[in-house]
Amino acid sequence: MQVGEGFLEEKYIPLQSFREEHRKSIENLEEFWAEQAKVIDWFKTWDRVLDDSNAPFFRWFVGGQLNASYNALDRHIKAGKRNRAAIIWESEKGETRTLTYYELYREVNRFASVLKNLGVGKGDRVVIYMPLVPEVVIAMLASARIGAIHSVVFSGFSAEALATRINDAKAKVVITADYLYRRGKALNLKEIVDRALLETPSVESVVVLKRSENDVNMVEGRDYYWQNLLEGAESTLSQSRSRATTRSLSSTRAERPENRRVSFTQREDTSFMSPRRCSGLGE
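Per my numbering: the sequence shown = residues 29 to 311.
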């Protein structure tokens, strides 16, 4: 049984079936996860499901090649879902946006082209410090599409906390917005980024999503408005093929997946691209 497909087709799994799958995940770990991995698309299947020769630094699906952006977008478009809603967003002020899978696909490709033009390539790190807007998802998927590693930093963090995370990743690009709106108040995010960048020598470029009519400080040759960079950007871009053991998401050492050997009960939700309504905390 492929649990991923079962979850998509049914609202719940009968308890007995759940217990049976849980038993399989413990008794036949590699066989179980090999079956679950078939739910997503692979450019090249793996040579080995689990390499535990250097425990606790486990390597999963060794030799396999895939792309997270392809699995979030392209395969759904090919399955006939191009006109279905991928993101339904509502702001604190009542603004709404809906992006279909195909519209999101085009926007992701365009921003991936922007990142490539800024010199971002496979293995480079990108820090995303943004409000809860659709462009957060676009930035994450665009980074994954070209093989870059992205680190999402909570937009409520201070300049010092942001700088620490930028330096930890040695990020080449920071993606942010001019303002964040929360509880009726506007917060100048760009000002926080500017303070953080005083201590972050690795950053070469800053992309700023313009959301307000108010001006913010923009450093010539380093800072660029998101909207301006999209002018003339390609709407189709081939995806990078990454090894399954290659990170697309930067994390702290304790959070890194190779430090955890997961069982069925610890399966993480990967359905963030399903249609849902987003509103919220600091948009």
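Ideal placement from N, C-alpha and C gives every residue a C-beta, glycine not left out.
By a beta-carbon distance limit of 8 Å, Arg138 contacts Leu258. Their separation comes to about 6 Å. Counting along the chain, Leu169 sits inside the alpha helix (DSSP H) bounded by residues Pro162 to Arg173. Taking the Cα positions, Ala170 is about 23 Å away from Ser119.
Runs of the beta strand (DSSP E) spanning 3 or more residues and lying entirely within the stretch 55-96 occur at 76-79 and 87-90, in chain order. Val161 is positioned such that its CB atom lies no closer than 9 Å to that of Thr204. Of all alpha-carbon atoms in Ala107, Trp74 and Val180, the one lying nearest the alpha-carbon of Gly92 is that of Trp74. Here Tyr40 is exposed, its C-beta having fewer than 16 other C-beta atoms within 10 Å. With contacts defined as CB atoms closer than 9 Å, Tyr209 and Lys121 qualify as a contacting pair.
Annotation: the continuous beta strand (DSSP E) that includes Tyr207 extends over Tyr207 to Arg210. When the beta-carbon positions are compared, His178 and Ala187 stay at least 9 Å from each other. Annotated three-state conformation of Thr228 is coil, per DSSP.
Each of Glu131, Arg87 and Ser45 was checked against the Cα of His104, and the nearest Cα belongs to Glu131.
Spatial neighbours of Thr124 in its own chain (CB-CB distance under 6 Å, excluding positions within 5 residues in sequence) are listed in chain order as Glu118.
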